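To start, the structure under review is shown below, and the notes come after it.
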Amino acid sequence: MYKQKVLILGGSTEGFLLAEKITQKYQGTVEIITSFAGITKKRRAVVGKMRVGGFGGVDGLAAYLKSEAITHIIDATHPFAAQMKYNADQAVLQRGGVQLCHIMRPKWEAQQGDEWLLVGDMAQAAHCLNGFAKGLSVFLAVGRKELAAFQGCSSQSFIARVIDPPEGEVMPPQIEFIIERGPFDLAKERALFKQRRIEVLVCKNSGGAAAAAKLQVAREQNIPVVMVQRPFWEQENCVPTVEAAMEWLKAATD
Ligand code: NAP
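Under this note's numbering, the residues of the sequence shown are numbered 27 to 280, in order.
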C-alpha cells in the first residue's frame, strides 16, 4: 500500500525525468501518475502510470485530486503553460490538504553578441516581423499551436519546426515544416540554419538546455531573434530544477 500519491503535471523534459527519479527513489512508498494534455500524438514513454487529457478546469482538477486521493502535485508543465499552473494553484486551494510545487526552469538570458527583440506574445512577434525586410527566411520555433498568429505575414517565408505534422491549422501562406522533436544539438542546428538560409529566428523564452543550441547559432551567425517573453506568472512555491523538486518532495513526504 502506497503512503503518498504524486500527480506530475507533465509535458516537458522535467516531467519525464521526475517520473524516473521518484520511481527509483520511492519504489513501493510513493505512487506517481503523470498527466498529459494530449496535444502531442507520438508521446514519449513515461515511467509509471499516466493519464491523458484536460481535467475540466479548476473544478475538474479538484475533483480528480479527491477521487484519486492525490497527496502531492509537482507541476512540471512547460513555462508557457500558464493556465495549467493557475488551475493547479486554485484546485489545491479548493481541495485542501494537497501540497504543490511548480518547476519553473530559469529563463534564457541574452549574451554578448545576441540581437534579441523582446515581445510580449505571439501576436507581437508576428507584428514585429513587419519591421524586417521583405522576403526573409524566418525560422518559427514556437510550436504548432502558435502558427495562426503568423497567418497575416505574407511578405516572409517560414520554416516551422513542429513535433506533429500540421492538421488544418491556420498558418502563413509560405511555410515549410520540419517534423522533429528535441533535444536539438549544436552541430545539427548549425547545419539546419545554413541549409535553410535562416535569416530571422522566432522563439519562446522556454529556457533549459534541450532547445538552447539555436540561440548559439543565431549568435554566431548574427541572426536576429524575436524572443517571446514568458507569460507573467510568479509564485513562492517554485523550484528551478528536477533535483530541487526531489528535495521538495523529500521534505514534503518526511
Ligand atoms: P495551458 O494553456 O496552460 O493549458 C490549457 C489546458 O490544457 C489546461 O487548462 C488543461 O485543461 C490542459 N492541460 C495542460 N497541461 C496539462 C497536463 N499536463 N495534463 C492535463 N491537462 C493539461 O497549456 P499549453 O500551453 O496548451 O500546454 C499543454 C501541454 O503542452 C502542457 O503539458 C505543456 O507542458 C506542454 N507544452 C507546452 C508548451 C508551450 O509552449 N505552451 C511547450 C512544450 C510543451 P483543463 O482545464 O481541461 O484541465
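We put the beta carbon where it would ideally sit given N, CA and C, even for glycine. Everything numeric in this text was worked out from a predicted model, so none of it was measured.
- Closer than 7 Å to some heavy atom of the ligand NAP: that describes the Cβ of L87.
- A residue is called buried once 16 or more other Cβ atoms fall within 10 Å of its Cβ, and A277, having fewer, is exposed.
- If you ignore the 5 residues before and after P199, its C-beta comes within less than 7 Å of the C-beta of S180, all in its own chain and listed in chain order.
- Taking every residue with its beta carbon within less than 6 Å of a heavy atom belonging to the ligand NAP gives, in chain order, L35, G36, G37, S38, S61, F62, A63, I65, G80, F81, G82, G83, G86, L87, T103, H104, F106, A107, A108, Q109, M110, N113, G169, K230.
- Looking at the backbone, the Cα of E172 and that of F106 are separated by about 12 Å.
- Counting along the chain, Q125 sits inside the beta strand (DSSP E) bounded by residues 125-129.
- If the five residues before and after R207 are omitted, its C-beta is found closer than 6 Å to the C-beta atoms of I189, all from its own chain and listed in chain order.
- Across the set Q116, T66, R69, T103, the C-alpha of Q116 shows the shortest separation from the C-alpha of G86.
- For L173, there is no enclosing beta strand (DSSP E), as DSSP marks it with neither H nor E.
- If the five residues before and after P257 are omitted, its C-beta is found closer than 7 Å to the C-beta atoms of F106, A108, all from its own chain and listed in chain order.
- Around A88, the same chain offers A117, Q120, R121 as residues with beta carbons nearer than 6 Å, after the five sequence neighbours per side are excluded.
- Between R70 and G139, the C-beta spacing is not below 8 Å.
- If you ignore the 5 residues before and after R222, its C-beta comes within less than 8 Å of the C-beta of S163, F165, I185, all in its own chain and listed in chain order.
- Looking at the DSSP output, S183 sits in a beta bridge with S163.
- By the criterion of a C-beta distance shorter than 7 Å, Q177 is surrounded in its chain by V196, M197, P198, once the five residues flanking it on both sides are discounted.
- Secondary structure of H98 (DSSP, three-state): strand.
- The way I'd put it, the segment 39-57 does touch the segment 253-269; three or more beta-carbon pairs between them come closer than 8 Å.
- The shortest C-alpha to C-alpha distance from A175 to any of G194, D147, P192, W134 is the one to D147.
- In the three-state scheme derived from DSSP, where H, G and I count as helix and E and B as strand, R70 is classed as coil.
- Under DSSP, T60 forms a beta bridge with I34, M76.
- Using a Cβ-Cβ distance cut-off of 8 Å, the segment 209-227 and the segment 91-99 are not in contact, since fewer than three pairs of beta carbons, one from each stretch, lie closer than that value.
- A direct Cα-Cα distance of roughly 25 Å separates N113 from V145.
- Here V56 really is in contact with V32; their C-beta atoms are around 6 Å apart, less than 8 Å.
- Judged by DSSP in its simplified three-state form, V251 adopts strand.
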